[in-house]
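Residues are numbered in the numbering used here as their position in the sequence shown, beginning at 1, plus a constant of 472. From the three backbone atoms N, C-alpha and C, an ideal C-beta is built for every residue, glycine too.
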Amino acid sequence: MIVIRAIASALPKHRIDNDTIASWCGSDAAFLKEKVGLEERRFLDSDQSCLDLAAEACNALFAQNPELSPATVQLCLLVGQVHDQIIPHSSALLQHRLGLPESCACADIGLACSGYVYGLSMARGMMETEGLDNALLVTCDPYSRIMGTTNRNTVPLFGDAATATWLSRGGSGLAVGLCDMGTDGSRASHLWLAAPEASGPLPELSMNGRGIFQFAMTRVPVTIRRCLERNGLTDSDLACYLFHQANAFILEQLRKHLNLSPERCPVLMGHTGNTVSSSLPLALNQILPDAPAACRILLCGFGGGLSWASTILTRNND
């Protein structure tokens, strides 16, 4: 059994409120709070790198869990699409920064909003196949580096964050269940960043918000059903549904479509924004202190690719 033992996070100090966003791109500050569900988001400072934020989350995890040391980490997976360099893979640089052993396997996962659940599945598979005891699953996707401040489709929504999750073989925590995953590359252009050209301005992230909404409303209910079937469970077995924190409007529409109470479908992005691959672990860390000692939580990520992934976490006190 592969278990989530602990999650730590790091947020940039630079806070961006709705009034600032409105002055940049012409959005309405009141609309962003009431309909989108945001009051502020965090952006990396110009002198802070993606690797800095990822390392900060990992060091917080080590500090909060003295029984986990860098020397015991056998696998490090870094989920994200925005990196400080193209070569080498960022997890190699993180391995060196954290002082992880050279025997530690490191790999990047180039996924966005579905990436945390994909990462849980990949870590679980590698740990079970290779007999590994401890793994780090790190998320960091600073979209502030690829957004234009005048683009009202993107800059109001996204924020920067990093998380670090400790996965172990057995122990007290959240056991990772079977996953349902999928991809619809025919709609990939709904979230798109072109490759930079040799000369000219850097490209900026573009998003078709209506297309993403339609995708979420059609794919999310299907992946939930399949995930429950794969794990031999029904709706009544779940304490709550934790969705990728895309925006409050999408989450509210999903809640209504699935006939869920607000308590079973929390919205937890008000002070962070859509943090892409970090959204699910951030939200999970917020609900765990009040979650029952024995409960099941469905995680569902959906977004760029377009891709989706769902799994069941079962809390235990072994």
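Assuming residue i is part of the beta strand (DSSP E), what are its boundary residues?
| i | result |
| --- | --- |
| G657 | Note, G657: premise wrong, no beta strand (DSSP E); not H, not E. |
| F515 | E512 to F515 |
| I722 | Looking at the DSSP string, I722 is not in any beta strand (DSSP E); the run it does join, the alpha helix (DSSP H), is A720 to H729. |
| D580 | A577 to I581 |
Go ahead and label residue i buried or exposed: buried means 16 or more other beta carbons lie within 10 angstroms of its beta carbon, across all protein chains shown.
| i | result |
| --- | --- |
| G642 | exposed |
| D556 | exposed |
| M594 | buried |
| H662 | buried |
| G649 | buried |
| M689 | exposed |
| S495 | exposed |
| W664 | exposed |
| D613 | buried |
| P484 | buried |
| D517 | exposed |
| P538 | exposed |
| L547 | buried |
| T706 | exposed |
| N731 | exposed |
| Q567 | buried |
| N789 | exposed |
| A535 | exposed |
| P761 | exposed |
| L674 | exposed |
| A850 | No answer is possible for residue 850: the residues shown for the chain start at 473 and end at 790. |
| S481 | buried |
| V545 | buried |
| G775 | buried |
| A607 | buried |
| R768 | buried |
Just reading off the alpha helix (DSSP H) that residue i is part of, what are its end residues?
| i | result |
| --- | --- |
| T706 | Run containing T706: none; DSSP gives neither H nor E here. |
| I558 | First-last for I558: undefined, no H or E at that position. |
| A595 | G587 to E602 |
| R698 | G681 to R702 |
| C530 | C522 to Q536 |
By the three-class DSSP mapping on this structure, what secondary structure does residue i have?
| i | result |
| --- | --- |
| L481 | The sequence shown places Ser at residue 481, rather than the Leu named in the question. Residue state, collapsed to three classes: strand. |
| V627 | coil |
| S749 | helix |
| V508 | helix |
| A494 | helix |
| S541 | coil |
| Q567 | helix |
| M500 | Correcting the residue identity first, residue 500 is Asp in this sequence and not Met. Correct three-state label for D500: coil. |
| Q758 | helix |
| P738 | coil |
| T616 | Contrary to the premise, residue 616 reads as Ser rather than Thr in this sequence. In the structure shown, S616 sits in a helix (DSSP, three-state: H, G or I). |
Check the DSSP bridge columns for residue i and list the partner residues they point to.
| i | result |
| --- | --- |
| H486 | F515 |
| N606 | S640 |
| L770 | Y713 and I784 |
| T611 | V551 and T635 |
| C651 | T783 |
| I474 | R641 |
| G775 | S779 |
| L646 | I476 and R787 |
| L677 | L677 pairs with nothing; no bridge assigned. |
| W664 | S678 |
Counting pairs of Cβ atoms below 8 Å between the segment 709-728 and the segment 747-756, do you hit three or more? Yes, they touch.
Three or more C-beta pairs below 8 Å linking the segment 632-642 and the segment 525-543: As far as the Cβ criterion goes, the segment 632-642 touches the segment 525-543, which means the pair count is three or higher.
Do the segment 700-711 and the segment 678-685 make contact, defined as three or more Cβ pairs closer than 8 Å? No, they do not touch.
Three Cβ pairs or more, each shorter than 8 Å: is that satisfied between the segment 588-603 and the segment 499-519? Not touching, per the Cβ criterion.
Three CB pairs or more closer than 8 Å across the segment 730-750 and the segment 571-587: Put simply, the segment 730-750 touches the segment 571-587. At least three CB pairs are less than 8 Å apart.
Is the number of C-beta pairs between the segment 538-556 and the segment 490-504 that are closer than 8 Å three or more? Contact between the segment 538-556 and the segment 490-504 is absent, because fewer than three Cβ pairs lie under 8 Å.
If we count Cβ pairs, one from each stretch, closer than 8 Å, do we get three or more for the segment 620-628 versus the segment 560-578? These segments do not touch.
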